[in-house]
Amino acid sequence: MKICKQRILLTLALVLVTSTLAQVFSFGKCPNVQVKQNFQLESYMGKWYENRRFFAIFEVFSSCVSANYSLKNDSHVRVINQGYIKFLKKNNVAIGDAYAPDANETAKLKVKFGNAPSGDYWVLDTDYDSYSIVYSCSTFVGFLKIEFAWILTRDRNGLSDAKIQELLQYMSSYDINVNRFAVTDQSNCPN
Ligand SMILES: *[C@@H]1O[C@H](CO)[C@@H](O)[C@H](O)[C@H]1NC(C)=O
Ligand SMILES: *[C@@H]1O[C@H](CO)[C@@H](O)[C@H](O)[C@H]1NC(C)=O
Ligand SMILES: *[C@@H]1O[C@H](CO)[C@@H](O)[C@H](O)[C@H]1NC(C)=O
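1 is the number of the first residue of the sequence shown in full-length UniProt numbering; add one for each residue after it.
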């Protein structure tokens, strides 16, 4: 009986780990995406609300997620990310730095939080005053990829369904699997 119980626990643990990994990793190469042309960093500054996201371990259980971008100087951005973990009644704030290493690809930003390695933050499309599509993809050992994606909105209540559908279709056109999006809970937020 004891062994049986251990085996069940082990199986459960394995299922949990593999399903988490499956949400993070997938097979295949990163899609060849086009980023926003002539991206204007200054117009992008200010507050954005997370409308939906791909699974990200650093955001697990977070609702009410927002980002506030402000210029430090003409190339570096102060990033203030906020999230709220409802069942712990806990506000999380992460402060980072973003900039575009290549002056010819201003929509391909790198973001860094503390000592963590920097991550990609590519703006695929934005109109600066209602929505932004952010994407990042890296490949490992040739056939595994790890992807992050976000739709950010200026309005906490998001966008019209028609507009969301349009953005999802746009991402699908680059072979980004939009079924991986989970809508962010932006209700009853303390922040
Ligand atoms: C965003 O951050 C900047 C710089 O810290 C601050 O001045 C501004 O008030 C913040 N904006 C919002 C909407 O929180
Ligand atoms: C802008 O700010 C960043 C981060 O504080 C700094 O590393 C960089 O050297 C600054 N660039 C200029 C041109 O002042
Ligand atoms: C940016 O593009 C211009 C024109 O295509 C080119 O001359 C220049 O070398 C590029 N700069 C960098 C840093 O790649």
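Built from N, CA and C at the ideal position, the CB exists for glycine as well.
Would you check if the distance between the CB atom of isoleucine 151 and the CB atom of asparagine 51 is smaller than 8 Å?
-> yes
According to the neighbour-count rule (16 or more other Cβ atoms, all chains shown, within 10 Å of its Cβ), is phenylalanine 27 buried or exposed?
-> exposed
Would DSSP call aspartate 161 helix, strand or coil?
-> helix
Name the two residues that bound the continuous alpha helix (DSSP H) containing serine 43.
-> 41 to 44
With hydrogens ignored, establish whether the beta-carbon of asparagine 73 is closer than 7 Å to any heavy atom of ligand 2.
-> yes
Excluding sequence positions up to five away, which residues of its chain have a Cβ less than 8 Å from the Cβ of alanine 182?
-> Arg52, Arg53, Phe54 and Phe55
Beta-ladder partner(s) of glycine 83, from DSSP = Asn92
Heavy atom of ligand 1 less than 7 Å from the Cβ of arginine 154, yes or no?
-> no
Around the C-beta of cysteine 4, are 16 or more other C-beta atoms found within 10 angstroms, so that it is buried, or is it exposed?
-> exposed
Assign tyrosine 174 to one of three DSSP states: helix, strand, or coil.
-> coil
Put phenylalanine 54 into one of helix, strand or coil per three-state DSSP.
-> coil
Would you check whether ligand 2 has a heavy atom nearer than 7 Å to the C-beta of aspartate 102?
-> no
Quiz: which residues have CB nearer than 5 Å to ligand 1 non-hydrogen atoms | Lys47, Asn68 and Ser70
Between the Cα of serine 148 and the Cα atoms of Ala94, Met171, Ile80 and Thr106, which residue gives the shortest distance?
-> Per the sequence shown, the amino acid found at residue 148 is phenylalanine instead of serine. Nearest of Ala94, Met171, Ile80 and Thr106 to phenylalanine 148, Cα basis: Met171.
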